[in-house]
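Structure, as structure tokens:
Number of protein chains: 2
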Amino acid sequence: MSDRGGRRSAAESAESTPRYLQIKQAVLEQIRSGVWRPGDPVPGDAEVARRFGCARMTAHRALRELADEGVIERRRRAGSRVALRTTRSLLVDVPRIDLEIEATGAEYGYRLLARSLGRTTHSARARLRLGPDGRTLWLLCLHLADQRPYQLEERWIDLAAAPAAEHESFRDIGPNRWLLEHVPFVGAEHLIRAEAASRRAARHLEVEPGAPLLVLERRTFREQRVVTWVRLAHPGARYVLRTASGEHG
Amino acid sequence: MSDRGGRRSAAESAESTPRYLQIKQAVLEQIRSGVWRPGDPVPGDAEVARRFGCARMTAHRALRELADEGVIERRRRAGSRVALRTTRSLLVDVPRIDLEIEATGAEYGYRLLARSLGRTTHSARARLRLGPDGRTLWLLCLHLADQRPYQLEERWIDLAAAPAAEHESFRDIGPNRWLLEHVPFVGAEHLIRAEAASRRAARHLEVEPGAPLLVLERRTFREQRVVTWVRLAHPGARYVLRTASGEHG
DNA sequence: TCGCCGATTATGCCTAGGCAATTCAGCAGG
DNA sequence: CCTGCTGAATTGCCTAGGCATAATCGGCGA
Chain A
3 MSDRGGRRSA AESAESTPRY LQIKQAVLEQ IRSGVWRPGD PVPGDAEVAR
53 RFGCARMTAH RALRELADEG VIERRRRAGS RVALRTTRSL LVDVPRIDLE
103 IEATGAEYGY RLLARSLGRT THSARARLRL GPDGRTLWLL CLHLADQRPY
153 QLEERWIDLA AAPAAEHESF RDIGPNRWLL EHVPFVGAEH LIRAEAASRR
203 AARHLEVEPG APLLVLERRT FREQRVVTWV RLAHPGARYV LRTASGEHG
Chain B
3 MSDRGGRRSA AESAESTPRY LQIKQAVLEQ IRSGVWRPGD PVPGDAEVAR
53 RFGCARMTAH RALRELADEG VIERRRRAGS RVALRTTRSL LVDVPRIDLE
103 IEATGAEYGY RLLARSLGRT THSARARLRL GPDGRTLWLL CLHLADQRPY
153 QLEERWIDLA AAPAAEHESF RDIGPNRWLL EHVPFVGAEH LIRAEAASRR
203 AARHLEVEPG APLLVLERRT FREQRVVTWV RLAHPGARYV LRTASGEHG
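If you read the protein sequences in the order shown, they are chains A and B.
Residue numbering for the first sequence follows this note's numbering, beginning at 3 and increasing consecutively.
Residue numbering for the second sequence follows this note's numbering, beginning at 3 and increasing consecutively.
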């Protein structure tokens with residue numbers, strides 16, 4: 003144990019990438035190149051530590067993270083193996099709509115189409131898990147990219163969970179951004195589906211009625227309560243959700 | 003240090019949940035309940051270790067994982083703060099189709115509709131990043147749940163990246179499963195959109211032409227190369243992608 | 001008052017151990 | 001032949017330290 007709490011100055015392999023990352027990369031390299039194939043055993047903590055000349059905890063961290071990421075599977079006594087991955091989970095980034103649009107270089111526009119207190123449909127009530135006398139704020143907004151309709155947002159807010167929303171006009175600020183700044187969220191639940199455009203949605207989004215829309219529904223939770231439920235509809239032809247996982251180039 | 007390498011028998015707070023998880027939960031509880039709000043400072047490694055009576059590494063692991071998950075933000079010297087989260091990423095689980103169907107209790111069925119060598123369209127060629135003389139295998143398959151069409155799969159495989167595919171009939175095994183067992187993947191790129199059903203897709207999926215379909219496209223990579231590109235189409239009305247992030251009840 | 005530079009401090013990574021929990025394999029007994 | 005027990009292998013979690021690095025804050029000089 004000399005410098006940096008024992009990191010040997012000898013190797014210093016890749017300048018200064020942390021040791022545990024070097025190990026992760028080495029393992030990934032074996033898998034990527036096909037030397038280790040799905041189902042094959044991977045050396046255990048102790049063996050890895052010996053090969054890399056590091057403490058077992060360091061090797062352990064590398065292997066644990068790989069397991070967390072689904073690259074390998076670990077079981078006590080049975081040892082570690084390269085995961086037989088099905089298709090791995092898919093990370094979709096759903097950024098704030100205004101930032102998303104501006105990131106593409108387009109000009110962001112926002113219009114409040116309607117705002118109503120108490121217009122609570124039965125299904126909205128159910129989705130908000132609202133009691134019979136719960137009050138809501140209903141909003142219909144349109145987000146534009148370069149003056150063209152980009153996303154139609156229909157939202158219900160439980161006024162008991164976010165009372166301040168009642169006194170906000172939402173004429174100049176989108177409800178998403180307002181809520182992010184005023185209500186602490188914890189969790190969310192999403193649902194993605196394809197739908198045919200209703201007449202109203204078609205009119206606002208400037209597509210034909212019946213045209214395919216990509217619809218994203220989100221419920222946002224705070225302490226077991228649904229704060230808000232929102233339906234985001236995009237013209238299917240002009241909109242995609244993009245995502246990447248693992249490594250590629 | 004007494005039992006379990008020093009874990010004090012005294013508290014043993016929650017029976018036997020690991021110490022680092024207890025710390026994570028405690029921090030999350032502060033945030034969930036609104037005591038710590040976005041932007042507020044979070045005690046550092048040393049302080050947490052002191053409060054919980056554990057080693058700094060244990061506190062460090064809890065805080066590091068929270069940072070990895072995007073719950074808190076950490077900066078040297080500046081300390082840790084509750085993250086100002088925008089909308090967090092959205093984890094969609096895309097399981098293997100046969101397992102997915104069987105998980106719902108339905109009977110899984112598979113049919114190979116067409117198989118062709120060399121039928122490479124220009125767009126497929128581009129998406130596979132194929133040279134002008136690259137050879138591909140094209141497949142059209144249908145996955146059924148309880149005898150009803152569930153997913154239409156159209157797939158191109160780069161035969162240079164997966165030569166063995168040429169000699170596989172794919173009559174009894176789906177390409178997804180076959181590839182998982184024969185070609186080591188590393189990364190994937192997904193794209194989700196809504197589309198109107200083409201006449202051919204409508205016929206296979208037993209919907210009206212023009213009906214909304216939820217389409218998932220996936221490119222799978224291995225060492226900078228695209229191994230396979232697949233288009234998975236689902237009847238929009240009968241299919242949704244479901245997901246949850248964070249915690250809710 | 002402004003800008004630079006060192007001291008301070010919190011995070012990040014590491015070691016070298018040790019105990020706990022899980023589970024596989026083999027063996028004994030019914 | 002099956003069942004249950006036991007030993008051993010392996011991962012998982014923990015401690016108690018130490019050095020490295022980054023970023024902020026004060027002080028000092030111009």
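For each residue, glycine too, the CB sits at the ideal point set by N, CA and C.
Because the structure is a prediction, the values reported are computed rather than measured.
Item: Cα-Cα separation between Gly72 of chain B and Gly136 of chain B, rounded to whole angstroms; Value: 42 Å
Item: Beta-bridge pairing of Cys56 of chain A - partner residues as DSSP gives them; Value: According to DSSP, which records beta bridges pairwise, Cys56 of chain A is partnered with nothing at all.
Item: C-alpha distance - Thr119 of chain A paired with Arg129 of chain A, whole-angstrom precision; Value: Residue identity check: residue 119 of chain A is Leu in the sequence provided, not Thr. Going by the C-alpha atoms only, they are around 17 Å apart.
Item: Given Pro43 of chain A as reference, the closest of A:Glu67, A:Arg76, A:Arg52 once Cα atoms are compared; Value: A:Arg76
Item: Separation of Arg34 of chain A from Asp160 of chain B, as counted between CA atoms; Value: 17 Å
Item: Under the three-state DSSP convention, the category Gly251 of chain A falls into; Value: Any reading at Gly251 of chain A must be qualified, since the residue scores a pLDDT of 38, below 50, and its modelled position is unreliable; the value itself is stated next. Coil at Gly251 of chain A, not helix or strand.
Item: Among B:Ile194, B:Arg39, B:Val37, B:Glu208, nearest to Glu95 of chain A - alpha-carbon criterion; Value: It is worth fixing the name first, because residue 95 of chain A is Asp in this sequence and not Glu. Ranking B:Ile194, B:Arg39, B:Val37, B:Glu208 by Cα distance to Asp95 of chain A puts B:Ile194 first.
Item: Alpha helix (DSSP H) runs contained entirely in the region 98-145 of chain A, provided each spans 4 or more residues; Value: 99-105, 124-129
Item: Touching by the beta-carbon criterion (3+ pairs, under 8 Å), the region 145-160 of chain B and the region 49-64 of chain A; Value: no
Item: Whether Arg173 of chain B touches Leu144 of chain B by CB criterion (8 Å); Value: no
Item: Integer-rounded CB distance, given that Asn178 of chain B should sit under 8 Å from Ile103 of chain B; Value: Incorrect: roughly 12 Å between the Cβ atoms, too far for contact.
Item: Buried/exposed call for Arg220 of chain A, threshold 16 Cβ in 10 Å; Value: buried
Item: Backbone CA spacing between Ser200 of chain A and Thr222 of chain B [nearest angstrom]; Value: 35 Å
Item: Counted within 10 angstroms of its Cβ, other Cβ atoms place Asp252 of chain B as buried (16 or more) or exposed; Value: Summary: the structure shown does not reach residue 252 of chain B, with chain B confined to residues 3 through 251, and so no result is reported for it.
Item: Local Cβ density within 10 Å of Arg157 of chain A, reported as buried at 16 or more and exposed below that; Value: buried
Item: Trp180 of chain A in three-state terms, based on DSSP; Value: helix
Item: Nearest candidate by alpha-carbon position, reference Ile175 of chain B, set B:His192, B:Glu191, B:Ala204, B:Leu142; Value: B:Leu142
Item: Val50 of chain B classed as buried or exposed, judged by whether at least 16 other C-beta atoms fall within 10 angstroms; Value: buried
Item: Cβ separation of Val209 of chain A and Leu234 of chain A, assumed to be a contact under 8 Å, to the nearest whole Å; Value: So it is not a contact: roughly 15 Å between Cβ atoms.
Item: 8 Å Cβ cutoff, Val96 of chain B in contact with chain A; Value: yes
Item: Beta-carbon spacing of Gly238 of chain A, Pro211 of chain A below 8 Å; Value: no
Item: Between the CA atoms of Leu146 of chain A and Trp180 of chain A - distance to the nearest angstrom; Value: 18 Å
Item: Extent of the continuous beta strand (DSSP E) run through Ile74 of chain A; Value: 74-77
Item: Exposure label - Pro97 of chain B; buried when at least 16 CB within 10 Å; Value: exposed
Item: Own chain, CB closer than 8 Å to Pro186 of chain A, minus 5 neighbours either side, in chain order; Value: Arg224
Item: Own chain residues within Cβ distance below 6 Å of Ala198 of chain B, not counting five before or after; Value: Gly212
Item: Counterpart residues of Phe223 of chain B in DSSP-defined beta bridges; Value: B:Gly189, B:Val228
Item: Pairwise C-alpha distance: Met59 of chain A and Arg39 of chain A; Value: 25 Å
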